[in-house]
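Enquirer: First, the structure itself, so that you have it in front of you.
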Amino acid sequence: MLKKDIVDTPIFGSNEEQRVAPKTEMTKEGTAEDIAYQIVHDEAMLDGNARLNLATFVTTWMDDSARRIMAETMDKNMIDKTEYPQTAEIERRCVNIIAKLWNSPEAVNGQYCMGTSTVGSSEACMLGGIAALFRWKKRRKAAGKPTDKPNFVISSCFQVVWEKFAIYWDVEMRTVPVTAEHITLDPEQAVKLCDENTICVVPIEGVTITGLNDDVKALDAALDKLNAKTGWEICIHVDAATGGFILPFIYPEVEWDFRLKWVLSISTSGHKFGLVYPGVGWVIWKDKSYLPKEMNFAVNYLGAEVPSISINFSRPGNQVLAQYYQLIRLGWNGYHDVQASSLNVCLYLRDELKKMGIFEFFTDEMPNPLFIWKLKDDPKRKWTLYDLSDRLHIQGWQVPAYTMPADMEDVIIMRIVARQGVGIDLADLLMKDIKACVAELDALENPTNSAEKWNKKQPQSQRCFNHVR
1 MLKKDIVDTP IFGSNEEQRV APKTEMTKEG TAEDIAYQIV HDEAMLDGNA RLNLATFVTT
61 WMDDSARRIM AETMDKNMID KTEYPQTAEI ERRCVNIIAK LWNSPEAVNG QYCMGTSTVG
121 SSEACMLGGI AALFRWKKRR KAAGKPTDKP NFVISSCFQV VWEKFAIYWD VEMRTVPVTA
181 EHITLDPEQA VKLCDENTIC VVPIEGVTIT GLNDDVKALD AALDKLNAKT GWEICIHVDA
241 ATGGFILPFI YPEVEWDFRL KWVLSISTSG HKFGLVYPGV GWVIWKDKSY LPKEMNFAVN
301 YLGAEVPSIS INFSRPGNQV LAQYYQLIRL GWNGYHDVQA SSLNVCLYLR DELKKMGIFE
361 FFTDEMPNPL FIWKLKDDPK RKWTLYDLSD RLHIQGWQVP AYTMPADMED VIIMRIVARQ
421 GVGIDLADLL MKDIKACVAE LDALENPTNS AEKWNKKQPQ SQRCFNHVR
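With UniProt numbering applied, the sequence shown corresponds to residues 1 to 469, in that order.
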């Protein structure tokens with residue numbers, strides 16, 4: 001029989017550990033430090049293992065020195081540039097270094113480039129879109145034309161931030177359908193959707209769903225012809241959440257950035273292939289003239305006028321410091337080696353999956369360290385990729401299964417993202433589990449619930465968060 005009055009002993013013998021943790025309201029009395037830690041620590045164990053999460057693009061490994069810097073500087077507020085001037089200076093250095101990687105015309109002779117850190121690529125995308133909207137409105141007002149029906153053009157593989165931008169700012173989002181025949185943004189189709197109210201076209205470098213890159217150079221050429229013919233000034237904002245830290249190191253010869261005439265702003269994620277723990281992003285404009293003055297606020301904060309471009313105000317400064325650490329710790333060669341290694345892991349996995357003979361791939365191209373695949377048609381098969389995702393989840397892996405966007409929604413795919421910290425040894429273990437799971441599924445005598453629902457065209461919930469919607 002349990003003791004009525006439990007003796008106070010450390011942690012698991014304590015009174016606090018004999019109670020369910022608060023869920024809807026605070027307790028009157030607090031909890032001892034070590035016991036509060038143990039409760040939170042133990043509940044967090046129920047999350048998936050971040051290193052085995054092949055759904056996420058987000059960095060899940062940094063070296064000990066990087067983690068130490070983040071721990072030592074977690075109390076710095078990025079917005080407080082007067083109290084933390086060196087952190088502000090380091091932010092400017094990061095902007096300049098990244099702008100140089102993207103061939104900014106301002107990144108010469110030690111000039112400071114126009115850009116800012118953000119809490120992630122979503123905020124960076126939002127700022128790029130707002131700037132394009134404000135520039136368009138200014139031109140329309142100067143010409144005495146209405147500004148009530150702005151639109152922008154993007155592929156149907158857009159990330160959810162662009163849907164939010166459209167709703168929050170009342171801008172029509174026009175999507176170019178992605179098809180099996182043209183699985184990236186079709187520049188000619190994109191241009192056909194443009195009119196005098198188009199604020200920008202948004203190509204994606206490292207499409208979340210497929211991992212492929214839109215052809216920015218071809219889009220730039222198509223827009224140049226349209227603008228010359230019509231007198232419009234439809235620009236390009238490149239959403240390079242993934243590709244922004246891949247292209248400069250793996251494909252430096254590819255023209256996708258500020259070398260192109262109509263590319264006026266680019267956004268990226270520092271906490272994806274920028275190799276920093278979340279969350280940090282970056283947005284940079286071609287030069288200062290493309291950032292509307294209305295977006296550059298001067299805020300009186302702690303006795304000084306502080307310039308503020310970002311949407312968020314108070315936020316940690318340690319991610320920016322960690323970004324700078326990675327830039328100087330790894331250098332160009334280090335970033336190249338890390339990204340090339342991640343690509344090699346993806347190539348290994350794709351080759352091993354091909355050998356199984358039951359999967360199909362949309363393209364041999366793999367510009368970024370992620371790829372997708374689908375099952376070959378087989379009327380006798382009694383399972384779907386949803387089932388494979390579920391089986392892998394039991395083994396601790398998180399590999400998402402989901403349907404393609406509009407016009408291809410009858411296709412279920414799986415996706416793997418290889419990041420720093422995912423090596424060939426882990427990839428080999430994953431393949432062993434995939435083969436074992438497939439063998440179990442092939443041995444089923446009756447169709448799974450997922451297969452029955454799919455055959456009946458009934459909706460199903462996605463397996464794993466896929467960073468799309």
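Beta carbons are placed, not taken as given, at the ideal position from N, Cα and C, and that holds for glycine.
If you follow the beta strand (DSSP E) that residue 235 is in, where does it begin and where does it stop?
Expert: Position 235 of the sequence shown holds residue 235. Counting along the chain, the beta strand (DSSP E) containing residue 235 begins and ends at 235–239.
Enquirer: Ignoring anything shorter than 4 residues or poking outside the stretch 366–452, list the alpha helix (DSSP H) runs there in chain order.
Expert: 385–394, 424–442
Enquirer: Please report the residue range of the beta strand (DSSP E) in which residue 200 lies.
Expert: Here residue 200 is taken as the residue at index 200 of the sequence shown, counted from 1. Here the beta strand (DSSP E) through residue 200 covers 198–202.
Enquirer: By alpha-carbon positions, which one of 12, 95, 60, 53 ends up nearest to residue 282?
Expert: Indexing the sequence shown from 1 puts residue 282 at position 282. Of the candidates 12, 95, 60, 53, the one whose C-alpha sits nearest the C-alpha of residue 282 is 95.
Enquirer: On the DSSP letters alone, give me the boundaries of the beta strand (DSSP E) that residue 361 sits inside.
Expert: For the purposes of this step, residue 361 is taken as the residue at position 361 of the sequence shown. Careful: residue 361 lies outside any beta strand (DSSP E) and carries neither H nor E.
Enquirer: Let me know the beta strand (DSSP E) ranges lying completely inside the stretch 282–341, each 3 residues or longer, listed in chain order.
Expert: You should have 297–301, 304–308.
Enquirer: Give the straight-line distance between the Cα atoms of residue 159 and residue 435, rounded to the nearest whole angstrom.
Expert: Residue mapping note: residue 159 aligns to position 159 of the sequence shown, counting from 1. Residue mapping note: residue 435 aligns to position 435 of the sequence shown, counting from 1. So the two alpha carbons sit approximately 31 Å from each other.
Enquirer: May I ask which residues mark the beginning and end of the alpha helix (DSSP H) holding residue 151?
Expert: Residue mapping note: residue 151 aligns to position 151 of the sequence shown, counting from 1. Residue 151 -> not in any alpha helix (DSSP H); beta strand (DSSP E) instead, spanning 151–155.
Enquirer: Does DSSP classify residue 173 as helix, strand or coil?
Expert: Reading the sequence shown from its first residue, position 173 is the one you call residue 173. Strand, per DSSP.
Enquirer: Roughly how many angstroms lie between the CA atoms of residue 232 and residue 208, to the nearest whole one?
Expert: If you number the sequence shown from 1, residue 232 lands on position 232. If you number the sequence shown from 1, residue 208 lands on position 208. Going by the C-alpha atoms only, they are around 30 Å apart.
Enquirer: What separation, rounded to the nearest whole angstrom, lies between the Cα atoms of residue 55 and residue 128?
Expert: Here residue 55 refers to the residue found at position 55 of the sequence shown. Here residue 128 refers to the residue found at position 128 of the sequence shown. Approximately 26 Å, taken between the alpha carbons.
Enquirer: Any idea which residues DSSP pairs residue 230 with across the strands?
Expert: Working through the sequence shown from its first residue, we reach residue 230 at position 230. The partner list for residue 230 (beta bridge, DSSP) is empty, contrary to what the question assumes.
Enquirer: Take residue 469 and list the residues in its own chain whose beta-carbon comes closer than 7 Å to its own, dropping the five residues that flank it on each side.
Expert: Residue mapping note: residue 469 aligns to position 469 of the sequence shown, counting from 1. Per-residue confidence for residue 469 stands at a pLDDT of 45, beneath the threshold of 50, marking its modelled position as unreliable; no derived number is given.
Enquirer: Near residue 371, which residues of its chain fall below 6 Å by C-beta distance, leaving aside the five closest residues on each side in sequence?
Expert: On the sequence shown, residue 371 is found 371 positions in, with the first residue counted as 1. Excluding residues within five positions, the ones whose Cβ falls inside 6 Å are 211, 346, 350.
Enquirer: Which whole-angstrom value is the C-beta distance of residue 176 and residue 202, which I expect to be below 8 Å?
Expert: Residue numbering aside, residue 176 sits at position 176 when the sequence shown is read from its first letter. Residue numbering aside, residue 202 sits at position 202 when the sequence shown is read from its first letter. About 10 Å; that fails the 8 Å criterion.
Enquirer: Using 10 angstroms around the beta-carbon of residue 65, count the other beta-carbons present and answer buried if the total reaches 16, otherwise exposed.
Expert: For the purposes of this step, residue 65 is taken as the residue at position 65 of the sequence shown. Only exposed fits residue 65, as fewer than 16 other CB atoms lie within 10 angstroms of its CB.
Enquirer: Taking 7 Å as the limit between beta carbons, can you name the residues of its chain near residue 449, skipping five residues before and five after?
Expert: Working through the sequence shown from its first residue, we reach residue 449 at position 449. Correct list: empty, nothing qualifies.
Enquirer: Just to confirm before moving on: does the CB-CB distance between residue 419 and residue 60 stay below 9 Å?
Expert: Stepping through the sequence shown from its first residue, residue 419 is reached at position 419. Stepping through the sequence shown from its first residue, residue 60 is reached at position 60. Cβ atoms of residue 419 and residue 60: closer than 9 Å.
Enquirer: Three or more C-beta pairs closer than 8 Å, one from the stretch 222–232 and one from the stretch 268–285: is that the case here?
Expert: no
Enquirer: On the criterion of 16 or more Cβ atoms from any shown chain inside 10 Å, does residue 109 qualify as buried, or is it exposed?
Expert: To locate residue 109, count along the sequence shown from 1; it is residue 109. Per the 10 Å Cβ criterion, exposed.
Enquirer: Taking the alpha helix (DSSP H) that residue 167 falls in, what are its first and last residues?
Expert: Position 167 of the sequence shown holds residue 167. From DSSP, the alpha helix (DSSP H) with residue 167 extends over 160–168.
Enquirer: Ignore the nearest five residues each way along the sequence and tell me which others in residue 186's own chain have a CB closer than 7 Å to its CB.
Expert: One-based indexing of the sequence shown puts residue 186 at position 186. Excluding residues within five positions, the ones whose Cβ falls inside 7 Å are 176.
Enquirer: Taking residue 455 as the reference, which of 411, 429, 443 has the closest Cα?
Expert: As a working mapping, residue 455 is identified with position 455 in the sequence shown. Per the Cα distances, 411.
Enquirer: Can residue 131 and residue 290 be called in contact, C-beta distance under 9 Å?
Expert: On the sequence shown, position 131 is the one that residue 131 refers to. On the sequence shown, position 290 is the one that residue 290 refers to. Contact: yes.
Enquirer: Does the separation of the CB atoms of residue 271 and residue 120 fall below 9 Å?
Expert: Numbered from 1 along the sequence shown, position 271 holds the residue referred to as residue 271. Numbered from 1 along the sequence shown, position 120 holds the residue referred to as residue 120. Yes, the Cβ-Cβ distance between residue 271 and residue 120 is below 9 Å.
Enquirer: Whole angstroms are fine: how far does the CA of residue 359 sit from the CA of residue 353?
Expert: As a position in the sequence shown, residue 353 is number 353, starting the count at 1. As a position in the sequence shown, residue 359 is number 359, starting the count at 1. Going from the Cα of residue 353 to the Cα of residue 359 covers about 7 Å.
Enquirer: Do residue 382 and residue 429 have their beta-carbon atoms positioned less than 9 Å apart in this structure?
Expert: As a first step, residue 429 must be located in the sequence shown, where it is residue number 429. As a first step, residue 382 must be located in the sequence shown, where it is residue number 382. It is not a contact, given that the beta carbons lie outside the stated cut-off.
Enquirer: Suppose you measure from the CA of residue 144 to the CA of residue 398; what does that come to, to the nearest Å?
Expert: For the purposes of this step, residue 144 is identified with residue 144 of the sequence shown, where counting begins at 1. For the purposes of this step, residue 398 is identified with residue 398 of the sequence shown, where counting begins at 1. About 54 Å.
Enquirer: How far does the beta strand (DSSP E) with residue 268 in it extend, from its first residue to its last?
Expert: Numbered from 1 along the sequence shown, position 268 holds the residue referred to as residue 268. Segment 263–269, the beta strand (DSSP E) holding residue 268.
Enquirer: What first and last residue would you give for the beta strand (DSSP E) that runs through residue 87?
Expert: Looking up residue 87 in the sequence shown gives position 87. Residue 87 -> not in any beta strand (DSSP E); alpha helix (DSSP H) instead, spanning 85–101.
Enquirer: Taking the C-alpha atoms as reference points, what is the distance between residue 118 and residue 236?
Expert: The residue labelled residue 118 in the question sits at position 118 within the sequence shown. The residue labelled residue 236 in the question sits at position 236 within the sequence shown. In a straight line, the C-alpha of residue 118 is about 20 Å away from that of residue 236.
Enquirer: Using the Cβ count rule (16 or more neighbours within 10 Å means buried), how would you classify residue 446?
Expert: Counting from one through the sequence shown, the residue named residue 446 turns up at place 446. Looking at its Cβ environment, which holds fewer than 16 other Cβ atoms inside 10 Å, residue 446 is exposed.
Enquirer: Taking the CB atoms as reference points, tell me whether residue 162 and residue 239 lie closer together than 9 Å.
Expert: One-based indexing of the sequence shown puts residue 162 at position 162. One-based indexing of the sequence shown puts residue 239 at position 239. Cβ atoms of residue 162 and residue 239: closer than 9 Å.
Enquirer: Exposed or buried, what is residue 324 when buried is set at 16 or more other beta-carbons lying within 10 Å of its beta-carbon?
Expert: As a working note, residue 324 is residue 324 in the sequence shown. Burial call: buried.
Enquirer: In terms of residue numbering, what span does the alpha helix (DSSP H) encompassing residue 128 cover?
Expert: Position 128 of the sequence shown holds residue 128. From DSSP, the alpha helix (DSSP H) with residue 128 extends over 121–142.
Enquirer: So, with DSSP's three-state summary, where would you put residue 344?
Expert: Translated into the one-based positions of the sequence shown, residue 344 becomes position 344. The answer is helix: DSSP assigns residue 344 an H, G or I state.
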